[in-house]
Each structure stands twice: as C-alpha cells, then as structure tokens.
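First comes the structure, then the notes that go with it.
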Amino acid sequence: MEDLKKQIIEQLNLQEVTPESISNDQPLFKEGLGLDSIDALELIVLLQQHYNIRIANPEQGPEIFYSIRSMAEFITAQQTAKA
Amino acid sequence: MSPIYINGSGCISPQETATGGLLLASLREYEQVRLATVDPDYKQWIDVKQIRRMSRVVKMGVGAANLSLEEAGVAMPDAIITGTAYGCLDDTGVFLTKMVNQQEEMLTPTAFIQSTHNTVGGQISLLLGCNAYNNTFVHRGFSFENSLLDAIMILKEGSAKHVLAGGLDEITNYSHDILTRFGLYKKAPVKTMELLNSPTRGTIAGEGAAFFTLSMEKGDHAAAAVTGLSTLYKPMWEGEVIGHIVKFLEDNDCTPADIDLLLTGRNGDIDQDEMYEEVAAALFPDHAEASFKHLCGEYPTATAFGLWMANRMMAEQAVPAAAAFYGKAPERLRKILLYNHHQGTHHSLILLTAC
Amino acid sequence: MSEKVWIAGGGVICGIGLNLRECLQSFRTMQPGMTTMQYLSSVHRNTFPVAEVKADNDALADMARMPENISRTALLSLIAAREAWQSSGLQDISAYRVGFVSGNTVGGMDKTEDFFTQFLPDTARGGRLQQVVHHECGSVTELVADALGVRHHVSTISTACSSGANALMYGARLIRNNIVDVVIAGGTDALTRFTLNGFNTLMILDQAACRPFDNTRTGLNLGEGAGYVVLVSDSLAAQLHPWCRLSGFANANDAYHQTASSPDGTGNYLAMKGALDMSGLQPQQIGYINLHGTGTQNNDVSEGIAINRLFAPHFPAMSSTKSFTGHTLGASGGIEAVFSALSVKEGIIYPNARFEHQMKELPFAPATAYSEHNDIHHVMSNSFGFGGNCSSLVFSGY
Numbered sequence: 000m001e002d003l004k005k006q007i008i009e010q011l012n013l014q015e016v017t018p019e020s021i022s023n024d025q026p027l028f029k030e031g032l033g034l035d036s037i038d039a040l041e042l043i044v045l046l047q048q049h050y051n052i053r054i055a056n057p058e059q060g061p062e063i064f065y066s067i068r069s070m071a072e073f074i075t076a077q078q079t080a081k082a
Numbered sequence: 000m001s002p003i004y005i006n007g008s009g010c011i012s013p014q015e016t017a018t019g020g021l022l023l024a025s026l027r028e029y030e031q032v033r034l035a036t037v038d039p040d041y042k043q044w045i046d047v048k049q050i051r052r053m054s055r056v057v058k059m060g061v062g063a064a065n066l067s068l069e070e071a072g073v074a075m076p077d078a079i080i081t082g083t084a085y086g087c088l089d090d091t092g093v094f095l096t097k098m099v100n101q102q103e104e105m106l107t108p109t110a111f112i113q114s115t116h117n118t119v120g121g122q123i124s125l126l127l128g129c130n131a132y133n134n135t136f137v138h139r140g141f142s143f144e145n146s147l148l149d150a151i152m153i154l155k156e157g158s159a160k161h162v163l164a165g166g167l168d169e170i171t172n173y174s175h176d177i178l179t180r181f182g183l184y185k186k187a188p189v190k191t192m193e194l195l196n197s198p199t200r201g202t203i204a205g206e207g208a209a210f211f212t213l214s215m216e217k218g219d220h221a222a223a224a225v226t227g228l229s230t231l232y233k234p235m236w237e238g239e240v241i242g243h244i245v246k247f248l249e250d251n252d253c254t255p256a257d258i259d260l261l262l263t264g265r266n267g268d269i270d271q272d273e274m275y276e277e278v279a280a281a282l283f284p285d286h287a288e289a290s291f292k293h294l295c296g297e298y299p300t301a302t303a304f305g306l307w308m309a310n311r312m313m314a315e316q317a318v319p320a321a322a323a324f325y326g327k328a329p330e331r332l333r334k335i336l337l338y339n340h341h342q343g344t345h346h347s348l349i350l351l352t353a354c
Numbered sequence: 000m001s002e003k004v005w006i007a008g009g010g011v012i013c014g015i016g017l018n019l020r021e022c023l024q025s026f027r028t029m030q031p032g033m034t035t036m037q038y039l040s041s042v043h044r045n046t047f048p049v050a051e052v053k054a055d056n057d058a059l060a061d062m063a064r065m066p067e068n069i070s071r072t073a074l075l076s077l078i079a080a081r082e083a084w085q086s087s088g089l090q091d092i093s094a095y096r097v098g099f100v101s102g103n104t105v106g107g108m109d110k111t112e113d114f115f116t117q118f119l120p121d122t123a124r125g126g127r128l129q130q131v132v133h134h135e136c137g138s139v140t141e142l143v144a145d146a147l148g149v150r151h152h153v154s155t156i157s158t159a160c161s162s163g164a165n166a167l168m169y170g171a172r173l174i175r176n177n178i179v180d181v182v183i184a185g186g187t188d189a190l191t192r193f194t195l196n197g198f199n200t201l202m203i204l205d206q207a208a209c210r211p212f213d214n215t216r217t218g219l220n221l222g223e224g225a226g227y228v229v230l231v232s233d234s235l236a237a238q239l240h241p242w243c244r245l246s247g248f249a250n251a252n253d254a255y256h257q258t259a260s261s262p263d264g265t266g267n268y269l270a271m272k273g274a275l276d277m278s279g280l281q282p283q284q285i286g287y288i289n290l291h292g293t294g295t296q297n298n299d300v301s302e303g304i305a306i307n308r309l310f311a312p313h314f315p316a317m318s319s320t321k322s323f324t325g326h327t328l329g330a331s332g333g334i335e336a337v338f339s340a341l342s343v344k345e346g347i348i349y350p351n352a353r354f355e356h357q358m359k360e361l362p363f364a365p366a367t368a369y370s371e372h373n374d375i376h377h378v379m380s381n382s383f384g385f386g387g388n389c390s391s392l393v394f395s396g397y
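Chains as they are written, first to last, in numbering that gives the first Met the number 0: chain R, 0 to 82; chain H, 0 to 354; chain G, 0 to 397.
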C-alpha cells in the first residue's frame, strides 16, 4: 500500500502530501484527500500502467478508489483472478 | 469614447512587478535571449489542492488577476476576459509528446483539459466562483487588444460595472526552440538595457501576464483611463500606419501636440523598429518616447505589460530612466499614446488619459 | 443598445454535407454522418466512429482554392465562410467595413501533430517548419480573412465548445458599436488526434453512434466542420433579405468544475435566461431549441435540468443536431447558429437521431422527425464548453 501511495502522489502531483500522511482508510475523494473526477481518470490509467488492470467503465471509479485499502483490495483481487 | 477607468491592475513579468513599490525601482537586467517571469508565491491566491494541476501560465494569470482585483477593491467582477495568443503551451506540449511517444495509448486527461486556451479564464472564474460573462481571445498580436475592446463594449452596455480583462503568454522549451528556428531572436545574447540600440535583426523572447479591473466609474486608486483603442491589420505601407494614427487621434479629439509621452513596442530588431522610427519622425519628432519590450521581452500580448507600465507611469507622474528611450517627458503626464506592432502585421494604439 | 443585428446568410460544411443544402437533405432523409474514420490517421480508427467531412484535403483545397498543405481547419473555414458570404446577397466585400470573427479550439493542430513526430527526436532541426507556421488559432483565422479580403477587424475566440457562439456575440457587439457594418462570425475545427485522444482520456467517447438526450446515452462522437453566419447592421439589412435577427445572447460561467457541468446546470440556466432577457421574450415564445446535447451523461442531464427550470411547463420543440454532425467543438456554435437561423426563416424542426428512451430525470423528449413550415418565430441555440463556458443565442423573425 505504501507503493500505491507514492504512485498516487506522483501521478496526481499532490502538493504537501507525503505517503505517511495518507491513512489506509481515509476517503480519497472530496473532503478526504480532495480528489475529483479528473483524478479518478488519472487513477484508471495508473492501474493500467503499474498493474496492467483495465477499467472500462469510469462509473466503477468511486467504489474502487474510495480509499487506499479499497484500491489495494481491488488490485489484489484482479491479480489473483488473473493468476 | 467615454473614459474606461483602470481601477486596479496586476502584472507578473520578467521585472519585479508583482510586489508593489515604485515602478522599476529594482530593475532586473538580463543578458540572454529568453526572459522568464519573476514569480511571486502563488499559494497566496491558490489553494494547494488546486495548484497541483496548474502550469505556469495559469498561475501567472490567476496571480495577475488577483493583484488587479485586490487593488481595485473588487471581490467579484461582472465579466472576465482573457487574451492569449499561444494559450497553454506547456500542457499542449506535454499531451502532444505523450501522444507521440506512447502511440496514443495510456494517456491521462490532466494535460489535455489544461491545454485549452480558455483554461486561464475558466480557472479565474472557478477560483472566484464567478458565474459572469467569460471570454477568451486568441488572435495573435491582437489577443489583448480584442479582450480590451470586448471589455469596453460590455461596460458601455451598462449591465456590467467591473470588468476584469488581461493578456498573457508563456514561453516553453518547445515553443522557444520552434520560434528560434523561425529566426525571431538574436543569434547571441544582448544586454537588455542595450537591446534597443542593437544593430542587428531579431529580438528577445518574453512572457508575462497583466490584468486590469476596468469600470465606467472612477475607483479610489484609478490614475488613468483608457480613452481610445484601435487596431490595424496588415497595413500595406508606413503611410497607412501614419494615416491610421492621425485619424485615431482625431477620432479621440486630440492632436500629436496633446500627447505627452509616446510609448512604443520597440524590440531591438532593426527591421521591425524602423516602423517606430517612421511614426516618430512623421508625427512625434520632438516628443519624449519610452519603450517596454527591453524590460519584458517580445511576445504577442506584450501590450498588456505596456499598458500596465503606462498606467503606473501615470500614477507616479514619472518616466523611470530604465524605460526612457528619447527626450525628456514633461513634468505633467496627461496623455500617453501606446503604439505597438507585432511582427509588422498587427498594429495597435491605446490612448491613456490621466484622471 | 438600439441597433438590431441581422442574419443575412449562412454557410456550413460538416459530416453531413459540404454545404448547407446538402446538410438539409441529410436531415430530411435521416442520414447521420458518423462512420469509421477515413481521413484522420489514428490507432483508434476502428474504435470510435466520427463524423468527418467526406472529402480529403486535396478535394477541400480545390473547393477552397487554397494550397492542399495548409491546415484542414483553414480549408473548412474558408469553404463555409465563402458560402455564407455568397448567400447574404452582399456583393463586393471591399465595399463594406467587414469583420471576420472565428472560433476554433486547436488552430493548425492537424499539422502540428505531424510535425511533432519528427520534432521530438531532434528539436533543433527535426520537422518541417512549414507544418507549424499556422499552429496558432489566430493564424488559421488570418489565412481565411486574407483569402476573403477582410481587413477591418479580424479576431479569434477560443472558449472550447462555445467558441463559435461567442464569435457571434462579439461580432454583434462590433456592429452595435459601429466598428464594422458586416461580420462573418462562427467557428471551425478539423478532427485531430490531439482532440480525439484528449476526449478519450476523459472516457466520454461513445464507441457507437451517440444518443443525445436518450436515457441509455454513453458519450459523444467527435465531428468536424465549419459554420458561419453573416451578421449585418440595421441599415445594411434594409437593402437585403435577411433570414432573421440575432435578438439575444448571453454568456455565463458555470464556475463549478474544469470540465464537468454543475448538477443543476447553473451556467446553462444563466446563459439561456440572459439570452431570453436580452431578446425581451418569455420562455413560451421560443419555438425550437437547438440543444448543446453532446450525448454525455453529464451534459445532457445538466442542460435538461436547466431547461426544465426555465421553460416548465411550456417546452418548445428541441433536438441535438450533434446526433447527425457529431460534436464539432469550436465549430459547433457556428454550425448550429446557421441551422437555428434557418429554422426561424423556414420553420424547420431538426430531428434528434436515435432517440428511443426517455431520460428519467426529464419531463420532455427531443423531436425525432424532420419538419418544415412550422409556426416558429424564435429559436434558441445552446453551446456549453470546458472551463465552464456557457453561451446561448436567440434568433427571431421579423
């Protein structure tokens, strides 16, 4: 999950945010880390680039990208399904 | 035309224009062919959550707009009008590069949505929460002049009280490489304070943003009003330019004798500066002349910097030595005529009158 | 402001026709313009249908009487602008004070993106400069202004998808302020890989033909083209047979998000309301609305909710002609202004292709059949874009 945090900070160019400052369960969007719909699209590409996971329907975004934990669980589930 | 008061102005440029103080009191001199803006701390206006996506041109636009609104004491303008010839070059270059290098695969949206020419105007609206009229002009050396004209026309209609209008452009590595290949710039670095007497072709590249809060009503900090504006597209010869200036002065009920200072867009290119020589010789032979592009560099919306400087000279009733080009301006500055041309094709006149 | 501004003529080139007459025929026979990409070269060729102008650059250059190596955006622009001028009944362009105000979003990007493949490996020498000399949006406008012989006022507006509509507003103000007597106003945009890939990153491109204002819509199709009206002053209109008046216009900013529309369509509502107010009309007097109607989830629901707020319970006929032309971006406001002005002149209601399922959020549905000679006196045209830029125009009969 720490790698994922670093990747998110880099991809979204988050300012004054460190991996340590993001908790695994805090919401990433709106009042949490303040991400929006454009960031969701960036995260879809991040999953494709780093984990080779394709999300065709952006409406799945809010559920998958709810928190670092939900993202990590989604990635693990996808990788397990592939293996 | 009825006076359009400049109730506030803000400028981010290669000079220290964002911090207040006397005009050009701490002059920045350069010896290079590419000038860059002196950036203030943009976080004073932009939240960290929002600044992360913004390229330099967006930040300098938002900064200059805020400086202008602050000086005018206006929280919410009734229109926001932006002029930019090149738009958001940095994000355009980022998206193009990735598109080419990644063969159109795995692209992300941020650079694309920030690449549109109306990004700056849109961001100013978004940060202010301003639902008012919003327009962006992208017409080469007329981009700023068109935005100023739109502002004037909207103010004259009466429904808008305060209009924010400005001009801005940025340089990127790609754009500088390409424009250099077009032969626009000096082959070797020149000292900026010696640029206007340089005996060679080419100029220096510049960038910056200047915004103005305009109104038909005079604000507390207004020193001058725009009382005339005109553009001339691709004149056939010098005589047409001179004729256009004569008619412009007539239309605005004045003669060359009423002009206290001629402010020109000389850029140190011997070919391009010839037009300023012709105009000065024909109409303003004994007038004091000041210039601005040795301070901000050449770019299509540099007249926004020129107008900002003219307005400050009016406020201070003085022409700083670093801006003077010829002669000595009278004690009292009542009218300044800003005459600029961009690459010989886009000529513009702005008349500024003290108030 | 006292002076009225009239529409003396119009011209269009887009995915459903090389001129206005051909476009009308496509509406009549229900022939939308979306197909597999034929002229744009992209890896997404077989993924996303587009509404291309059905002619290659050589053919367009012949029509435009311009060199074939210049930007397609300029070729399209000149063809439509010339058609507009010829339809106006004005003769020698040098006899008037004329302005040319054109919107576009990416200038000569079709050439720039070719340039970049050679430029990136060697920025000091790679690529032919000829390909970027008209990169700037304003440069495309000037190629056309110069070919038309327009010198009094030349300007370019770029407010994303509302560029063309804002060109009409600025043009009308130039006439009202006695700066010029005639303005050719509208917009142009050719398809480019840059915009196709850009919209693809936003995941709002439909892989099938788009379904604006349909409950099952999943995105937009890009199109290309150009459309211009000829705006004239009162005194010139008296010597012509103008189509209608540009009776109202307004531009507002949604100030909600950089690309998304606010859920209640605040900017859309303010633009439509402002345009109605300027025209001095009540909502029930509008006979037809040419919708922005891109076919994205977000646009159509925001636009629909704003229309509901302003017009309920008297809904005019409405449709999205983008269901035929695709979304032509900077050109759309110009193309749809021509369609709207003609709607007033000839009582036309344009069809909204492929509408089947009522949107659950809305109490009204778009028109699905073409019809003429309807009793229409006032028409509204909507154009909304990224950056929150929202514009509405109102056209009125005499």
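Quick reminder that beta carbons are idealized off the backbone N, C-alpha and C, glycines included.
Proximity below 8 Å, CB of residue i to CB of residue j
i, j, result
"His161 (chain H)", "Pro108 (chain H)", "no"
"Lys217 (chain H)", "Cys10 (chain H)", "no"
"Gly186 (chain G)", "Gly102 (chain G)", "yes"
"Val4 (chain G)", "Ile174 (chain G)", "yes"
"Ala164 (chain H)", "Phe94 (chain H)", "no"
"Cys160 (chain G)", "Gly294 (chain G)", "no"
"Leu167 (chain H)", "Val56 (chain H)", "yes"
"Ala225 (chain G)", "Ile12 (chain G)", "yes"
"Ala50 (chain G)", "Thr217 (chain G)", "no"
"Val229 (chain G)", "Ser382 (chain G)", "no"
"Leu148 (chain H)", "Leu213 (chain H)", "no"
"Ser70 (chain G)", "Phe136 (chain H)", "no"
"Val181 (chain G)", "Leu245 (chain G)", "no"
"Cys253 (chain H)", "Ser12 (chain H)", "no"
"Leu336 (chain H)", "Leu306 (chain H)", "no"
Identified DSSP bridge partners for residue i
i, result
"Glu297 (chain H)", "H:Ala204"
"Arg244 (chain G)", "G:Trp5, G:Ser395"
"Ser20 (chain R)", "For Ser20 (chain R), which the question treats as bridged, DSSP gives no partner whatsoever."
"Phe210 (chain H)", "H:Gly9, H:Gly165"
Supposed close pair residue i, residue j - CB separation, criterion 8 Å
i, j, result
"Asp299 (chain G)", "Glu2 (chain G)", "So it is not a contact: roughly 36 Å between Cβ atoms."
"Asn134 (chain H)", "Thr158 (chain G)", "6 Å"
"Ile123 (chain H)", "Gly60 (chain H)", "7 Å"
"Leu269 (chain G)", "Ser339 (chain G)", "That pair is no contact at about 20 Å."
"Ala251 (chain G)", "Tyr132 (chain H)", "7 Å"
"Gly267 (chain H)", "His293 (chain H)", "7 Å"
"Leu125 (chain H)", "Gln257 (chain G)", "7 Å"
"Leu11 (chain R)", "Asp38 (chain R)", "5 Å"
Residue closest to residue i, alpha-carbon to alpha-carbon, out of the options
i, options, result
"Leu221 (chain G)", "G:Ser331, G:Gly396, G:Ile12", "G:Ser331"
"Glu41 (chain R)", "G:Leu275, G:Glu371, G:Thr200, G:Phe385", "G:Thr200"
"Pro2 (chain H)", "H:Tyr41, H:Asn130, H:Asp90, H:Ala150", "H:Ala150"
"Arg333 (chain H)", "H:Asp38, H:Ala279, H:Val47, H:Met313", "H:Met313"
"His326 (chain G)", "G:Leu290, G:Ala94, G:Tyr268", "G:Leu290"
"Asn373 (chain G)", "G:Tyr169, G:Asp57, G:Met317, G:Met29", "G:Met317"
"Val225 (chain H)", "H:Asn65, H:Asn251, H:Gln342, H:His175", "H:Asn251"
"Met152 (chain H)", "G:Asn177, G:His152, G:Val228, G:Gln281", "G:Asn177"
"Gly62 (chain H)", "H:Ala17, H:Ala322, H:His175, H:Thr118", "H:Ala17"
"Gly125 (chain G)", "H:Thr344, H:Asp38, H:Tyr173", "H:Tyr173"
"Ala168 (chain R)", "R:Gly33, R:Asp24, R:Asn51, R:Glu58", "No statement about residue 168 (chain R) is possible, as the shown extent of chain R runs from 0 to 82 and does not include it."
"Cys129 (chain H)", "H:Leu178, H:Ala74, H:Asn100, H:Thr230", "H:Ala74"
"Asn399 (chain G)", "G:Arg308, G:Pro31, G:Asp109", "The first residue shown for chain G is 0 and the last is 397, placing residue 399 (chain G) beyond what the model contains."
CB contact below 8 Å: residue i versus chain B
i, result
"Phe211 (chain H)", "Within the model displayed, chain B is absent; protein chains R, H and G are what it includes."
Q: Return the chain-ordered ranges of every alpha helix (DSSP H) run that is complete within the region 127 to 169 of chain H and spans a minimum of 4 residues.
A: 142 to 156
Q. Which runs of the alpha helix (DSSP H) fall wholly inside the region 252 to 280 of chain G and span at least 4 residues, in chain order?
A. 265 to 278
Q | Whole alpha helix (DSSP H) elements within the region 82 to 114 of chain H, 4-residue minimum | A | 88 to 100, 108 to 114
(Q) List, from N- to C-terminal side, the alpha helix (DSSP H) runs of 4 residues or more that fit wholly inside the region 319 to 363 of chain G. (A) 321 to 324, 331 to 345
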